DNA sequence: ACTGTGACCTCCG
DNA sequence: TCGGAGGCCACAG
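In the numbering used here, the protein residues as written are 12 to 119.
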């Protein structure tokens, strides 16, 4: 633990703060952290988040597409998790993404 | 200290 | 409308 890396820890916290049935984008998280240009870092943080209790499945790209689904265990693990929370996913794309979009910067 | 990398985002053709 | 390339920032080796 003691991930005082700064950004990573921030990303993990935000991801955990995402309500169930809601989704957000990497850019939104990065922007909420004050580094909109570090959206890539957010995704990278997720790579390490698999060891933490961070629901990375609630985090998708700006298009609402499950870009990181490839990094999850299995094939449709990400989609299964989202659907289990009540999020409808079609073709690796979140339906009503705009409605389900959870803005950390706005909610926080 | 430098280089490589990454689940992105944005612009140009 | 679709495709490709670049840029950005932060972490790991």
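Think of the CB as a built atom: it goes at the ideal place given N, C-alpha and C, for glycine as much as any other residue. Owing to the predicted nature of the structure, the values given are computational and were not obtained by experimental measurement.
Alpha-carbon spacing of residue i relative to residue j, whole angstroms
i	j	result
residue 26	residue 85	21 Å
residue 22	residue 36	11 Å
residue 57	residue 49	13 Å
residue 73	residue 79	12 Å
residue 114	residue 30	11 Å
residue 81	residue 24	23 Å
residue 87	residue 66	15 Å
residue 20	residue 94	27 Å
Beta-carbon proximity list for residue i, same chain, < 6 Å, skipping 5 on both sides
i	result
residue 76	103, 104
residue 60	23, 67
Own chain, CB closer than 7 Å to residue i, minus 5 neighbours either side, in chain order
i	result
residue 1	Since the first and last residues shown for the chain are 12 and 119, residue 1 lies out of range.
residue 92	68
Contacting residues, own chain, Cβ-Cβ under 8 Å from residue i (five flanking each side not counted)
i	result
residue 32	96, 97, 98, 111
Reference residue i, options the options, closest by Cα
i	options	result
residue 135	55, 83, 38	Look at the range of the chain in this structure, 12 to 119, and you will see that residue 135 is not part of it.
residue 62	83, 51, 17, 50	83
residue 18	64, 30, 52	52
residue 71	20, 64, 54	54
residue 64	87, 81, 88, 28	28
Beta-carbon separation (whole angstroms), residue i vs residue j, contact threshold 8 Å
i	j	result
residue 90	residue 100	5 Å
Do the stretch 37-46 and the stretch 109-119 touch if we need at least three Cβ pairs shorter than 8 Å?
yes
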